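Q:
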Amino acid sequence: MPAPVVATVDEVATVNLADPATHVERDLSGYWRRLRTSMPVHWHPESEFGRGFWVLSRYSDIISVYRDNERFTSEEGNVLATLLQGGDTASGKMLAVTDGRRQRDLRGVMLKAFSPRVLARLADKVNENTERRVRGAVERGEFDFAAEVSEHIPISTICDLLGVPESDRATLLRLNKSALSSDDPGETFTDAWSARNEILLYFAELAEERRREPKDDVVTVLATATVDDVRLSPQEIIFNCYSLILGGDESTRISMNCAVHAFTEFPEQWRALKRGDAGVKAAVEEVLRWSTPAMHFGRTARQDVTLYDRVIKKGDLVTLWNSSANRDEEIFADPYVFDVGRSPNKHVTFGHGPHFCLGSYLARVELEALLTALITFVDGVELAGPVGRVHSNFLSGISRLPVKTTPSRRTD
16 MPAPVVATVD EVATVNLADP ATHVERDLSG YWRRLRTSMP VHWHPESEFG RGFWVLSRYS
76 DIISVYRDNE RFTSEEGNVL ATLLQGGDTA SGKMLAVTDG RRQRDLRGVM LKAFSPRVLA
136 RLADKVNENT ERRVRGAVER GEFDFAAEVS EHIPISTICD LLGVPESDRA TLLRLNKSAL
196 SSDDPGETFT DAWSARNEIL LYFAELAEER RREPKDDVVT VLATATVDDV RLSPQEIIFN
256 CYSLILGGDE STRISMNCAV HAFTEFPEQW RALKRGDAGV KAAVEEVLRW STPAMHFGRT
316 ARQDVTLYDR VIKKGDLVTL WNSSANRDEE IFADPYVFDV GRSPNKHVTF GHGPHFCLGS
376 YLARVELEAL LTALITFVDG VELAGPVGRV HSNFLSGISR LPVKTTPSRR TD
């Protein structure tokens, strides 16, 4: 697709990034080009959704702030939903909103659960589950890819890792979608808050079970872990389980949907992948760049910071827009083209610096399994109806994807 027309300054003033409807109803490509070109540190005024905040749009500036835990903190919250509500109740307890030594300690505990042995075992299950889901859907010919395939892969993977029983997984998927990635514009903040509380309560009960009867899973690791001979607090255990179930399901599910949608928009890229003109691993990275499920992350300034000619005051909210960084013309050639062979591809879909996504390896495994299964079982794919989109100011992507597939000649 051609590069978008740069938005005017007046048009920029009409965009409310805090409004979920903005990200569903408007194409912001021209907006981001204007900001990257001439307004790289943009003040977003307050609105009915909350206080004003700074918007960073250039790749280099976003990378710089991700690295800078001295002048910017995530402990006040790291997404608009919590930042605009006055802060995150998980501050200092959940890895994503903890800085400094405690963040390093928590990350070390959680990395123990991501051992090579565990990840290798999970990779085998991911490949098996993905192949089965794709094969079954393709046999039907026309189906909703989101409902029939992508909703069943990341949730199974992260639940296997956490030790969530099969019987509870459908409920957690429903709660996850309500908490972060609903496609219902009628869902309220209260609905999302209620879903999040249900998830927290679920993991409080599961953690208590694991203390009594330990198993080989992440909940057990967290429930029995110690730092300096002191066990993690109940809140630390629950909040980090919550973070893993949301992060391990939502983002990859959306990336999977966006991958298939991209192949319907760029059929020549599907043919290139199918022929082997581009490698699966390179294609995975382009899917991650192209989809950018987490549009932004947030920080709060610890002190006054001057960036270009703008002064960010201590206590100001600063938002880092991955969705703009991953289309930055200074970093990516033809950024508005989906190119499965793109190299290099240093996207920021997983963030950067101390808070780089803990689940990046699993996400890549899942996407590689999906692309491999599609290559094996699918010759062609096209849209079979209108798509549905996530209604959120944090996550962006497709939630409903009706497609029609042509099966591969060799599906044995």
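Using the working numbering, the letters of the sequence shown correspond one by one to residues 16 to 427.
Each residue gets a CB set at the ideal place from its N, CA and C atoms; glycine is no exception.
Keep in mind it's a predicted model, so treat the numbers as computed, not measured.
What residues in its chain sit with their C-beta under 8 Å from that of Pro17, if we drop five residues either side in the sequence?
A: Tyr351
Q: Starting from Leu259, trace the beta strand (DSSP E) both ways and give me its first and last residue.
A: Per DSSP, Leu259 belongs to no beta strand (DSSP E); it is in the alpha helix (DSSP H), Pro249 to Glu280.
Q: Taking 8 Å as the cut-off, decide whether the C-beta atoms of Asp103 and Val112 are in contact.
A: yes
Q: Take the Cβ of Leu98 as the centre, count every other Cβ of all protein chains shown within 10 Å, and call the residue buried at 16 or more, exposed below.
A: buried
Q: How long is the line joining the alpha carbons of Arg268 and Thr241, rounded to whole angstroms?
A: 32 Å
Q: Return the chain-ordered list of same chain residues with a C-beta closer than 7 Å to the C-beta of Arg415, the five sequence neighbours on each side being excluded.
A: The beta carbon of Arg415 sits closer than 7 Å to the beta carbons of Asp159, Ala161, Asp198, Val402 and Gly403 from its chain, once the five residues preceding and following it are set aside; these are given in chain order.
Q: Using a Cβ distance threshold of 8 Å, determine whether the region 332-346 contacts the region 33-51, with at least three qualifying pairs required.
A: yes
Q: Which whole-angstrom value describes the C-beta separation of Ser193 and Asp206, a residue pair presumed to lie in contact below a C-beta threshold of 8 Å?
A: 6 Å
Q: Can you tell me whether Arg357 is helix, strand or coil according to DSSP?
A: coil
Q: Do you know offhand how far Ala138's Cα is from Asp264's?
A: 15 Å
Q: Quick check on the burial criterion: 16 or more other C-beta atoms within 10 angstroms. Buried or exposed for Glu154?
A: By the 10 Å Cβ count, Glu154 comes out exposed.
Q: What is the C-beta distance between Ala388 and Glu157, in whole angstroms, given that I count them as a contact (C-beta under 8 Å)?
A: Wrong, their Cβ atoms sit about 18 Å apart, outside the cutoff.
Q: So, under 8 Å CB-CB, Phe347 and Gln284 are touching, yes? Tell me the CB distance rounded to an integer number of Å.
A: Their Cβ separation, rounded to whole angstroms, is 15 Å, which puts Phe347 and Gln284 out of contact at 8 Å.
Q: Is it the case that the region 316-326 contacts the region 294-304, given that we only count it when at least three CB pairs across the two stretches are under 8 Å?
A: no
Q: Take Glu26 and list the residues in its own chain whose beta-carbon comes closer than 8 Å to its own, dropping the five residues that flank it on each side.
A: Gly45, Tyr46 and Arg49
Q: What did DSSP end up calling Arg314 once you bin it into helix, strand or coil?
A: strand
Q: Note down the Cα distance separating Leu247 from Leu237, rounded to an integer number of angstroms.
A: Going from the Cα of Leu247 to the Cα of Leu237 covers about 7 Å.
Q: Can you say whether Trp58 is buried or exposed, counting buried as having 16 or more other CB atoms within 10 angstroms of its CB?
A: By the 10 Å Cβ count, Trp58 comes out exposed.
Q: Out of Glu90, His370, Ser171 and Leu373, state which residue places its alpha-carbon closest to the alpha-carbon of Ala185.
A: Ser171
Q: For the alpha helix (DSSP H) containing Arg82, name the first residue and the last one.
A: It spans Tyr74 to Arg82 - the alpha helix (DSSP H) in which Arg82 sits, taken as one unbroken run.
Q: With Phe392 as the anchor, note down where its alpha helix (DSSP H) starts and where it stops.
A: Ser375 to Phe392
Q: So the beta strand (DSSP E) Thr239 belongs to, where does it begin and stop?
A: That residue, Thr239, is in no beta strand (DSSP E); its alpha helix (DSSP H) goes Val233 to Thr239.
Q: So which of Asp394, Lys329 and Cys256 has the shortest CA-CA distance to Gly291?
A: Asp394
Q: Using only CA atoms, which one of Leu216, Phe68, Tyr81 and Ala309 lies nearest to Val56?
A: Phe68
Q: In the DSSP output, what is Asp349 paired with across the bridge?
A: Bridge partners of Asp349: none, in fact.
Q: State the start and end residues of the unbroken beta strand (DSSP E) segment that holds Val402.
A: Looking at the DSSP string, Val402 is not in any beta strand (DSSP E), and its letter there is neither H nor E.
Q: Under 7 Å Cβ to Cβ from Thr37, same chain only, skipping five residues before and after it: list those, please.
A: Val30 and Asn31
Q: Nearest by alpha-carbon distance to Arg82: which of Met54, Leu377 and Arg314 is it?
A: Arg314
Q: With DSSP as the reference, identify every bridge partner of Pro422, one or two as the case may be.
A: Val393
Q: Compute the beta-carbon to beta-carbon distance between Gly178 and Lys230, rounded to the nearest angstrom, for a pair I have assumed lies under 8 Å.
A: The distance from the Cβ of Gly178 to that of Lys230 is about 5 Å, consistent with a contact at the 8 Å cut-off.
Q: Tell me which same chain residues have a C-beta within less than 7 Å of the C-beta of Glu146, skipping the five on either side of it?
A: Ala388
Q: Below 8 Å on the Cβ atoms is my guess for Lys329 versus Asp319; work out the distance and round it to an integer in Å.
A: With a Cβ gap of about 5 Å, Lys329 and Asp319 count as contacting.
Q: DSSP three-state call for Val326: helix, strand or coil?
A: strand
Q: Could you tell me the distance, in whole angstroms, from the CA atom of Ile78 to the CA atom of Leu377?
A: 23 Å
Q: Note down the Cα distance separating Glu454 from Ser53, rounded to an integer number of angstroms.
A: Residue 454 lies beyond the stretch modelled for the chain, which goes from 16 to 427, so this question has no answer here.
Q: Assuming Glu163 and Ala152 are in contact, meaning their beta carbons sit under 8 Å apart, how far apart are those beta carbons, in whole angstroms?
A: Indeed they touch by this definition, with Cβ atoms about 4 Å apart.
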